[in-house]
Amino acid sequence: MSVVYLVMGLALIQYQYFGFQVGRARTRFGVKAPAVTGNEPFERYFRVQQNTLELIVVLVPALPLFAYYVSARWAAGLGAVYLIGRIVYSIGYIKDPAKRGPGFGLSFLPIVLLLLGGIVGAARAVFTG
Amino acid sequence: MSVVYLVMGLALIQYQYFGFQVGRARTRFGVKAPAVTGNEPFERYFRVQQNTLELIVVLVPALPLFAYYVSARWAAGLGAVYLIGRIVYSIGYIKDPAKRGPGFGLSFLPIVLLLLGGIVGAARAVFTG
Amino acid sequence: MSVVYLVMGLALIQYQYFGFQVGRARTRFGVKAPAVTGNEPFERYFRVQQNTLELIVVLVPALPLFAYYVSARWAAGLGAVYLIGRIVYSIGYIKDPAKRGPGFGLSFLPIVLLLLGGIVGAARAVFTG
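Residue numbers (this note's numbering), protein chains in the order written: chain A, 32 to 160; chain B, 32 to 160; chain C, 32 to 160.
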């Protein structure tokens, strides 16, 4: 399971890095707290972090669920695809928000697979006892 | 415990469905990324997802804590009430944000009970254990 | 481990309290849902909750990872520092957003340490295990 927790930890570090980029963008574009809107370039950095937050709350529980009911190796592999997908997403979004699609798909799909695998595994354990 | 993980997985799927609705509302109401404000109907879908995000980060750890220290059966039951409450909340909010109260209460109350049960259980284990 | 789960539960209760403050600020400053911007004093309360959400999704998994791979006692201690840091942050931000720095640091640093400890522990288990 440790490889799954390692991938989880790396996903959390990556997410914190996006948060760090938001802080830097605040200074660079002169967006004073508590504002988070009103400056389009800043909003790109902010939305990358927020969208990653939206996904990571699913990734973090889905990783151990999938690992427990299906396979720890496959959980780690799907988690690694997520990590790469988020790099693509982040770079794409900051260049041009209209081009965020591919990176989003590459990071969202592994989460869907992890979650569905975990749910099917848990359901089978409940109904077959 | 599998029934608790099943409920957790369903709550995460429901949350992702709300996220999917936000994506569809973006297209429908012509709200271009990175914007998330400026179109009131879009903001309703967005706030349903965001409010669910705000709750799910508590629900996900509270479910296994309550199951471990109190009862897995009751954890699953309270989680099921949450799931129904979020359906009511989502439909109510999108119709009229002023009517989001009942659905919010029905999804928030089980989380409070799960969390308090988990905290009391952990505190008892610390101080008597 | 129960002391770690107790600290986790207290962090989640504290976060819910910040959410409760947002609800109260909505009434007090007359900000009608779905709006979350347009009223600076309201936005302070909202950003305190949102920033806590951004951190808590890392804190919650980092606590048990650190406890498992490094030390449950130290995990609980660092979690306690986080709790105090968030009180300082919340009070500071609401008084004056420009003075949110010290409280942010005091709550962010323990999370970074918990996460790095968890990652190093998991990596060692993977590569030596």
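All residues carry an ideal CB built from backbone N, CA and C; glycine is no exception. Predicted model only: the values in this text are computed from it and were never measured.
At least three beta-carbon pairs within less than 8 Å, the segment 115–122 of chain C to the segment 57–75 of chain C: In short, these stretches do not touch, since the Cβ pair count stays below three.
Per-residue burial, C:GLN95 [other beta carbons within 10 Å of its own, 16 or more giving buried]: By one-based count along the third sequence, residue 95 of chain C stands at place 64. Residue identity check: residue 95 of chain C is Pro in the sequence provided, not Gln. Buried: at least 16 other Cβ atoms inside 10 Å.
Exposed unless 16 or more other CB atoms sit within 10 angstroms - verdict on A:ARG55: The residue given as residue 55 of chain A occupies position 24 in the first sequence. Per the 10 Å Cβ criterion, exposed.
Assigned secondary structure, C:LYS126 (DSSP; H/G/I helix, E/B strand, else coil): Along the third sequence, one-based indexing puts residue 126 of chain C at 95. In the three-state reduction of the DSSP assignment, C:LYS126 falls in the helix class, which pools H, G and I.
Inter-residue Cα distance where the pair is C:VAL101 and A:LEU37: Here residue 101 of chain C corresponds to residue number 70 of the third sequence, with the count starting at 1. Here residue 37 of chain A corresponds to residue number 6 of the first sequence, with the count starting at 1. Their backbone Cα atoms lie some 14 Å apart in a straight line.
Close Cβ partners of A:ALA107 (< 6 Å) along its chain, the five nearest in sequence each way excluded: The residue labelled residue 107 of chain A in the question sits at position 76 within the first sequence. Correct list, in chain order: VAL34, VAL35 and VAL38.
Residue of C:LEU137, C:LEU147 and C:ALA154 minimising C-alpha distance to C:THR83: In the third sequence, residue 83 of chain C corresponds to position 52, counting from 1. Checked all of C:LEU137, C:LEU147 and C:ALA154; the closest Cα to C:THR83 is C:LEU137.
B:PRO133 and A:PRO128 closer than 8 Å at C-beta: The residue given as residue 133 of chain B occupies position 102 in the second sequence. The residue given as residue 128 of chain A occupies position 97 in the first sequence. No, they are not a contact pair.
Beta-carbon proximity list for C:PHE49, same chain, < 6 Å, skipping 5 on both sides: The count along the third sequence starts at 1 and reaches residue 49 of chain C at position 18. Correct list, in chain order: VAL79, GLN80 and THR83.
Spatial distance of A:ALA156 from C:GLY148 (CA atoms): Taking the first residue of the first sequence as position 1, residue 156 of chain A is located at position 125. Taking the first residue of the third sequence as position 1, residue 148 of chain C is located at position 117. Spanning the two alpha carbons is a distance of roughly 33 Å.
DSSP three-state assignment for B:VAL156, whether helix, strand or coil: Numbered from its first residue, the second sequence carries residue 156 of chain B at position 125. In the sequence on display, residue 156 of chain B carries Ala and not Val. The answer is helix: DSSP assigns B:ALA156 an H, G or I state.
Reference B:ILE87, options B:ALA154, B:ILE142 and B:GLY152, closest by Cα: Looking up residue 87 of chain B in the second sequence gives position 56. Measuring from the Cα of B:ILE87, the nearest candidate turns out to be B:ILE142.
Integer-rounded CB distance, given that A:GLY40 should sit under 8 Å from C:ALA153: Counting from one through the third sequence, the residue named residue 153 of chain C turns up at place 122. Counting from one through the first sequence, the residue named residue 40 of chain A turns up at place 9. Confirmed, Cβ separation roughly 6 Å.
Anticipated Cβ contact below 8 Å, A:LEU109 with A:LEU144, distance rounded: The residue labelled residue 109 of chain A in the question sits at position 78 within the first sequence. The residue labelled residue 144 of chain A in the question sits at position 113 within the first sequence. Yes, A:LEU109 and A:LEU144 are in contact; Cβ-Cβ is about 6 Å, under 8 Å.
Proximal residues to C:VAL112 (C-beta, below 6 Å), its chain only, five neighbours per side dropped: If you number the third sequence from 1, residue 112 of chain C lands on position 81. Within the same chain, and ignoring the five residues on either side of C:VAL112 in sequence, the residues whose Cβ sits closer than 6 Å to its Cβ are PRO141.
A:ALA64 - DSSP class collapsed to helix/strand/coil: Counting from 1 along the first sequence, the entry for residue 64 of chain A is found at position 33. The three-state reading of DSSP puts A:ALA64 in coil, since its state is none of H, G, I, E or B.
Spatial distance of A:MET32 from A:ALA103 (CA atoms): Within the first sequence, the letter at position 1 stands for residue 32 of chain A. Within the first sequence, the letter at position 72 stands for residue 103 of chain A. So the two alpha carbons sit approximately 6 Å from each other.
Interface residues of chain C facing B:ILE122 [CB-CB closer than 7 Å]: Numbered from its first residue, the second sequence carries residue 122 of chain B at position 91. Near B:ILE122 there are no residues of chain C at all, since even the closest Cβ is about 15 Å away, more than 7 Å.
Residue closest to C:VAL125, alpha-carbon to alpha-carbon, out of C:GLN47, C:VAL53, C:LYS63 and C:ALA42: By one-based count along the third sequence, residue 125 of chain C stands at place 94. The identity of residue 125 of chain C in the sequence shown is Ile, whereas the question assumes Val. Of the candidates C:GLN47, C:VAL53, C:LYS63 and C:ALA42, the one whose C-alpha sits nearest the C-alpha of C:ILE125 is C:VAL53.
Local conformation of C:MET32 per DSSP, three classes: Translated into positions along the third sequence, residue 32 of chain C becomes position 1. Coil at C:MET32, not helix or strand.
A:TRP105 versus A:TYR46 - alpha carbon distance: Counted from its first residue, the first sequence places residue 105 of chain A at position 74. Counted from its first residue, the first sequence places residue 46 of chain A at position 15. Each residue's Cα considered, the two are about 22 Å apart.
Where the segment 64–87 of chain B meets chain A: residues whose CB sits under 8 Å from a CB there: Listed by position, the residues of the segment 64–87 of chain B near chain A (Cβ gap below 8 Å) are ALA64, PRO65, ALA66, VAL67, THR68, GLN80, LEU84 and ILE87.
Contact set between A:ARG131 and chain B, taken where Cβ atoms lie within less than 7 Å: The residue you call residue 131 of chain A lines up with position 100 of the first sequence. Within chain B, the C-beta atoms nearer than 7 Å to that of A:ARG131 come from ALA64, in chain order.
Sequence-distant residues of its chain with Cβ nearer than 6 Å to C:ILE57 (five each side left out): Indexing the third sequence from 1 puts residue 57 of chain C at position 26. Here residue 57 of chain C is Arg; the residue named in the question, Ile, does not match the sequence. The beta carbon of C:ARG57 sits closer than 6 Å to none of the beta carbons in its chain outside the five residues before and after it.
The segment 137–156 of chain A: positions lying closer than 7 Å to chain B by Cβ: Interface annotation for the segment 137–156 of chain A against chain B: LEU146, GLY149, ILE150, ALA153, ALA154 and ALA156, criterion Cβ-Cβ distance under 7 Å.
Backbone secondary structure at C:ASN82 - three-state DSSP: For the purposes of this step, residue 82 of chain C is identified with residue 51 of the third sequence, where counting begins at 1. Note: C:ASN82 maps to helix in three-state DSSP.
Closer than 9 Å at the beta carbon, the chain A residues around C:ALA162: No statement about residue 162 of chain C is possible, as the shown extent of chain C runs from 32 to 160 and does not include it.
Cut-off 7 Å between Cβ atoms - residues of its own chain near C:THR68, not counting five sequence neighbours on either side: One-based indexing of the third sequence puts residue 68 of chain C at position 37. Setting aside the 5 residues that flank it on each side, C:THR68 is surrounded in the same chain by GLU74, each with a C-beta closer than 7 Å to its C-beta; the list follows chain order.
Neighbourhood of C:ASN70 by C-beta, 8 Å cutoff - its chain only, sequence neighbours within 5 removed: Mapped onto the third sequence, residue 70 of chain C falls at position 39. Contacts found: PHE60, GLY61 and VAL62.
Within-8 Å CB hit, A:SER102 to chain C: The residue given as residue 102 of chain A occupies position 71 in the first sequence. Answer no: the Cβ-Cβ gap between A:SER102 and chain C never drops below 8 Å.
Helix, strand or coil at C:SER121 [DSSP, three-state]: To locate residue 121 of chain C, count along the third sequence from 1; it is residue 90. In the three-state reduction of the DSSP assignment, C:SER121 falls in the helix class.
Neighbouring residues, chain B, relative to C:VAL89 (Cβ below 9 Å): One-based indexing of the third sequence puts residue 89 of chain C at position 58. By Cβ distance, chain B contributes nothing, its closest Cβ being about 11 Å from C:VAL89, past 9 Å.
A:GLY116, DSSP secondary structure in three states: Numbered from 1 along the first sequence, position 85 holds the residue referred to as residue 116 of chain A. Of the three classes helix, strand and coil, the one that applies to A:GLY116 here is helix, per DSSP.
Reduced DSSP category for C:ARG104 - H, G, I as helix; E, B as strand; rest coil: The count along the third sequence starts at 1 and reaches residue 104 of chain C at position 73. Helix at C:ARG104.
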